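Down below is the structure, laid out as structure tokens.
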Ligand SMILES: C[S@@+](CC[C@H](N)C(=O)[O-])C[C@H]1O[C@@H](n2cnc3c(N)ncnc32)[C@H](O)[C@@H]1O
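Residue numbers (the working numbering): 164 to 577.
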């Protein structure tokens with residue numbers, strides 16, 4: 164009998180059937196109707212003034228109200244209504260009730276750390292070019308898609324990543340968390356815990372998100388749980404601690420084999436984690452680094468080169484409000500100035516290394532020598548390739564115009 168991570172197909176099928184009948188699944192709970200019920204979060208748009216900032220409610224509860232400037236809206240006036248219905252405030256301003264989009268939700272919900280804004284999170288996810296495979300219980304043997312993200316922060320990018328892998332997992336049993344679980348008998352709670360644990364162990368895709376701050380991680384977990392009743396929560400494993408400790412311990416478990424399909428670093432000093440990220444990434448895996456300054460991308464490129472890491476910076480994209488959708492692409496690569504290359508040609512031509520001489524002359528004919536993917540490093544007479552490199556660092560000509568942070572897209576080469 165074929166197995167899926169140690170669980171027999173038959174056991175898995177029967178457990179999933181039981182789970183689906185005993186527990187309502189997240190997706191069924193969410194999509195059965197458009198009526199606003201307790202705990203829902205809604206977006207309210209002023210129908211008479213489209214320039215008014217939309218209001219994101221908290222979880223709705225009878226007897227509570229949304230406080231506005233010199234005004235308020237009762238939760239009871241929203242509960243039981245449909246999406247797109249209207250609701251009036253105490254001062255008779257009219258609002259349309261909407262389900263917040265993921266972008267509206269992550270941009271508007273209360274934060275304790277600066278998130279990646281929705282358009283940038285979208286771009287990052289699209290740069291990963293994810294194509295998760297849908298679960299097939301008849302052919303359950305497949306490799307799990309694993310994506311690592313540090314730091315978790317607000318959970319904005321985490322949510323976008325989880326949405327992108329949603330199709331790779333079967334419907335999740337209800338996670339044993341929240342108010343409902345507090346009212347369950349210990350037996351039912353234990354059964355739920357076991358079912359959820361087994362489902363997690365068999366996921367086709369997982370987002371591992373790590374933050375060094377327990378407070379940020381806990382807040383992000385709440386942000387994720389509160390979006391559409393936690394529909395993406397089961398795809399995510401939250402970790403608190405150090406990147407090195409987490410990835411190293413996973414590498415010990417795999418006997419040193421790379422296990423990550425993709426990794427994303429959105430934290431200060433991304434350069435410090437290139438080494439461990441490179442070790443953990445599978446061949447051809449993508450690493451994305453998000454840096455506020457382009458010089459940090461430079462530092463990463465030079466560090467990767469100096470340490471001979473199997474990482475190649477494929478592209479650098481500037482993102483932020485003023486740049487526009489899709490970002491502005493930058494040209495960032497180490498080069499040797501022409502004068503230096505000519506000197507090296509003269510130096511090398513005194514040797515018997517014909518290939519090296521030809522390579523250098525070729526590069527000296529162009530503007531500058533450049534390091535491209537898969538190109539072998541230039542060997543000089545002295546055998547050293549590390550001296551005299553400078554960075555090209557400029558927006559790519561003819562592309563869109565400017566604003567915010569820098570996304571480096573790296574490829575694991577070997
Ligand atoms: C800008 S926020 C990330 C925002 C997040 N990507 C989002 O979309 O909401 C940076 C996070 O990195 C965390 N952090 C900083 N240094 C870290 C480190 N060395 N290891 C893990 N997390 C770190 C911070 O605690 C903070 O929560």
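We treat Cβ as the ideally placed atom computed from N, Cα and C, and that holds for glycine. The structure displayed is predicted, hence computed values, not measured ones.
Is the beta carbon of residue i less than 7 angstroms from the beta carbon of residue j?
i	j	result
residue 291	residue 458	no
residue 319	residue 269	yes
residue 244	residue 237	no
residue 308	residue 298	no
residue 427	residue 312	yes
residue 397	residue 345	no
residue 204	residue 222	yes
residue 369	residue 272	no
Whose CA, out of the options, lies closest to the CA of residue i?
i	options	result
residue 252	440, 286, 241	241
residue 482	575, 434, 570	570
residue 388	255, 322, 224	322
residue 415	392, 425, 443	443
residue 286	494, 405, 490, 554	490
residue 324	365, 374, 348, 284	284
residue 475	451, 420, 261	451
residue 202	289, 391, 363, 213	391
residue 353	212, 218, 337, 409	337
residue 261	247, 364, 404, 429	247
residue 468	445, 478, 479, 434	434
residue 577	479, 398, 445, 461	445
residue 404	315, 330, 460, 422	315
residue 198	249, 568, 213, 421	249
residue 374	454, 288, 430, 480	430
residue 266	361, 206, 379	206
residue 220	233, 212, 258, 213	258
residue 306	329, 274, 422, 339	422
residue 339	351, 372, 288	351
Give the DSSP bridge partners of residue i, in chain order.
i	result
residue 573	450, 476
residue 612	As shown, the chain starts at 164 and ends at 577. That puts residue 612 outside it, with no answer to give.
residue 198	245
residue 497	554
residue 568	482
residue 236	229
residue 426	311, 450
residue 218	207
residue 369	309
residue 437	For residue 437, which the question treats as bridged, DSSP gives no partner whatsoever.
residue 492	480
residue 444	423
Which value, in whole angstroms, describes the spacing of the CA atoms of residue i and residue j?
i	j	result
residue 447	residue 575	5 angstroms
residue 572	residue 281	18 angstroms
residue 356	residue 466	45 angstroms
residue 144	residue 473	Since the first residue shown for the chain is 164 and the last is 577, residue 144 is missing from the structure and cannot be characterised.
residue 235	residue 401	36 angstroms
residue 464	residue 492	16 angstroms
residue 363	residue 409	19 angstroms
residue 301	residue 367	14 angstroms
residue 131	residue 254	In the structure displayed, the chain extends from 164 to 577; residue 131 sits before or after that span and is not available.
residue 554	residue 478	14 angstroms
residue 348	residue 359	16 angstroms
residue 383	residue 317	5 angstroms
residue 215	residue 209	6 angstroms
residue 406	residue 310	14 angstroms
residue 181	residue 432	Only weak support exists for where residue 181 lies, its pLDDT of 34 falling under 50; the coordinates are left without a value.
residue 263	residue 418	44 angstroms
residue 399	residue 331	13 angstroms
residue 497	residue 568	20 angstroms
residue 462	residue 439	16 angstroms
residue 454	residue 460	7 angstroms
residue 276	residue 377	13 angstroms
residue 188	residue 394	Summary for residue 188: the model assigns pLDDT 39, below 50, so the residue's position carries little reliability; its value from the coordinates is reported in the next sentence. Distance between the alpha carbons of residue 188 and residue 394: 9 angstroms.
residue 494	residue 381	38 angstroms
residue 542	residue 436	Low confidence applies here, because residue 542 scores a pLDDT of 42, under 50, leaving its location unreliable and the question unanswered by this model.
residue 239	residue 213	24 angstroms
residue 231	residue 274	19 angstroms
residue 224	residue 412	43 angstroms
residue 211	residue 226	27 angstroms
residue 471	residue 371	27 angstroms
residue 480	residue 288	13 angstroms
residue 293	residue 256	43 angstroms
residue 333	residue 365	9 angstroms
Cβ of residue i less than 7 angstroms from any chain D Cβ?
i	result
residue 246	In the structure shown, chain D cannot be found, because there is only a single protein chain.
Problem set entry | Segments of 3+ residues assigned as beta strand (DSSP E) that fall wholly inside the region 372 to 424 | Under the rule that a run must span 3 or more residues, the beta strand (DSSP E) segments found entirely inside the region 372 to 424 read 399 to 403.
Exercise. Which residue spans inside the region 284 to 334 form an unbroken alpha helix (DSSP H) run of at least 4?
Worked result: Within the region 284 to 334, the runs of alpha helix (DSSP H) at least 4 residues long that lie entirely inside it are, in chain order, 319 to 328.
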